[in-house]
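Student: After the structure tokens below, expect a handful of questions from me.
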Amino acid sequence: MLYRRSLQVLEHESTRARDESQLNQCLQDWKMKGFNVTGSVCDISSRADREKLMEAVSSLLYGTLNILVMSSLTFSPSTHGLEFYTDMLIHPLLKASGSGSIVFISSVAGVVSCSVGSIYGATKGAISQMSRNLACEWANDNIRANTIAPGVIATPAAKTEFAKNIAPNIPMRRAGEPEEVAGMAAFLCLPAASYITGQTICVDGALSVHAF
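Encoded structure:
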């Protein structure tokens, strides 16, 4: 996975009670498997919460951070751009590590177009553009930024009628597994990917390149 000695889990969500419970359950499961993990719940629509989270991460990891994975579902219109502000706060920690890697989890909806979901697609496309910009702006600090654009993945969100209608158009004829997205994220954080930055990589069973 993405860690060797420890894993800092950053849970970004506005509904605190539900997600804190889920996070604590995940932490308990991982600890029972022998992993050294910690967790934090953060409402990223709150500046105070964002700053508190960064302080906690800095204290835990001695002022450095090698890997940041940013993954979210949807935000209300008032919270657009908060991933950017979180990145600004985390930049000093990534720079201090000497070799930082940011991985954004977006969606294939931000790469190709379809007949519905224009706002959703636009926000996901914006994530890829932000990743490209950060790759250029922070390259001198040896910080890389890439985006993973999953297609239909076997999660609860993939059980919608819309997702079911897309499935027959996937050349591999199946939904992806969460582990397949995690595998790409892990690779992008390895030394083997040290010259890969500013890229959007689709993990979608060839959905995004399938015309007919």
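The sequence shown runs 9 to 220 under our numbering.
Backbone N, C-alpha and C define an ideal beta-carbon position, used for all residues, glycine too.
#1: What residue range does the alpha helix (DSSP H) around T131 cover?
#2: Hey, how far is the Cα of V116 from the Cα of T205?
#3: Does the distance from the C-beta atom of T208 to that of A147 stay below 8 angstroms?
#4: Between C197, D149, S53, Y128, which lies nearest to T155 when the distance is taken from Cα to Cα?
#5: Can you check whether the CB of A183 is closer than 8 angstroms to the CB of V160?
#6: Out of curiosity, what's the CA-to-CA distance linking R181 and A175?
#7: Whole angstroms are fine: how far does the CA of A153 sit from the CA of F112?
#8: Write down the C-beta distance between C210 and V119 rounded to the nearest angstrom, noting that I regard them as a contact closer than 8 angstroms.
#9: Can you check whether the CB of S54 is closer than 8 angstroms to the CB of N74?
#10: Taking Cβ to Cβ, would you say I52 is nearer than 8 angstroms to I110?
#11: From the DSSP output, in three-state form, read off R12 for me.
#12: So, at 6 angstroms on beta carbons, what are the nonlocal neighbours of H88 in its own chain, with the 5 sequence-adjacent residues on each side left out?
#13: Here's the rule I'm using: 16 or more other beta-carbon atoms within 10 Å means buried, otherwise exposed. How should H99 be labelled?
#14: Would the beta-carbon of S66 fall within 8 angstroms of that of L35?
#15: The beta strand (DSSP E) spanning G108 covers which residue range?
#16: Name the DSSP beta bridge partners of N154, please?
#17: Can you tell me which residues form a DSSP beta bridge with T208?
#18: Along the alpha helix (DSSP H) that carries G118, what are the first and last residues, could you check?
#19: How big is the Cα-Cα spacing for S126 and E185?
#20: Relative to the C-alpha of V45, which candidate in C144, L31, K132 has its C-alpha closest?
#21: Mind checking whether D57 and K103 have CB atoms under 8 angstroms apart?
#22: Are the C-beta of S121 and some C-beta of chain C separated by less than 8 angstroms?
Tutor: Reading off the structure:
#1: The residue labelled residue 131 in the question sits at position 123 within the sequence shown. Residues 126-145.
#2: As a first step, residue 116 must be located in the sequence shown, where it is residue number 108. As a first step, residue 205 must be located in the sequence shown, where it is residue number 197. Their backbone Cα atoms lie some 18 angstroms apart in a straight line.
#3: Here the question's residue 208 lines up with position 200 in the sequence shown. Here the question's residue 147 lines up with position 139 in the sequence shown. No, they are not a contact pair.
#4: Along the sequence shown, read from residue 1 onward, the residue named residue 155 stands at position 147. With distances taken between Cα atoms, T155 lies closest to C197.
#5: The residue labelled residue 160 in the question sits at position 152 within the sequence shown. The residue labelled residue 183 in the question sits at position 175 within the sequence shown. Yes. Within cutoff.
#6: Start at 1 with the first residue of the sequence shown, and residue 181 comes out as number 173. Start at 1 with the first residue of the sequence shown, and residue 175 comes out as number 167. Between R181 and A175, the C-alpha separation is close to 7 angstroms.
#7: Here residue 112 corresponds to residue number 104 of the sequence shown, with the count starting at 1. Here residue 153 corresponds to residue number 145 of the sequence shown, with the count starting at 1. Going from the Cα of F112 to the Cα of A153 covers about 8 angstroms.
#8: Numbered from 1 along the sequence shown, position 202 holds the residue referred to as residue 210. Numbered from 1 along the sequence shown, position 111 holds the residue referred to as residue 119. At roughly 6 angstroms, the Cβ-Cβ gap stays under 8 angstroms, so C210 and V119 are in contact.
#9: As a working note, residue 74 is residue 66 in the sequence shown. As a working note, residue 54 is residue 46 in the sequence shown. Taking 8 angstroms as the Cβ cut-off, N74 and S54 do not qualify as a contacting pair.
#10: Walking along the sequence shown from the start, residue 52 turns up at place 44. Walking along the sequence shown from the start, residue 110 turns up at place 102. Not a contact, by the Cβ cut-off of 8 angstroms.
#11: The count along the sequence shown starts at 1 and reaches residue 12 at position 4. With a pLDDT of only 42 at R12, under the threshold of 50, the placement of this residue in the model should not be trusted; the figure read from the coordinates follows. Here R12 sits in coil by DSSP.
#12: To locate residue 88, count along the sequence shown from 1; it is residue 80. Its pLDDT being 48, under 50, H88 is placed unreliably by the model, and nothing is read from it.
#13: By 1-based counting over the sequence shown, the position of residue 99 is 91. Label assigned to H99: buried.
#14: Position 58 of the sequence shown, counted from the first residue, corresponds to residue 66. Position 27 of the sequence shown, counted from the first residue, corresponds to residue 35. Taking 8 angstroms as the Cβ cut-off, S66 and L35 do not qualify as a contacting pair.
#15: For the purposes of this step, residue 108 is taken as the residue at position 100 of the sequence shown. Looking at the DSSP string, the run of the beta strand (DSSP E) that includes G108 is 108-113.
#16: Your numbering for residue 154 matches position 146 in the sequence shown. According to DSSP, which records beta bridges pairwise, N154 is partnered with V111.
#17: Numbered from 1 along the sequence shown, position 200 holds the residue referred to as residue 208. Per DSSP, T155.
#18: Indexing the sequence shown from 1 puts residue 118 at position 110. Segment: none, G118 is in no alpha helix (DSSP H) and carries neither H nor E.
#19: Reading the sequence shown from its first residue, position 118 is the one you call residue 126. Reading the sequence shown from its first residue, position 177 is the one you call residue 185. About 25 angstroms.
#20: Looking up residue 45 in the sequence shown gives position 37. Considering only alpha carbons, the answer is L31.
#21: Translated into positions along the sequence shown, residue 57 becomes position 49. Translated into positions along the sequence shown, residue 103 becomes position 95. No; because the gap between Cβ atoms is not below 8 angstroms, this pair is not in contact.
#22: Among the protein chains of the structure shown there is no chain C, as only one such chain exists.
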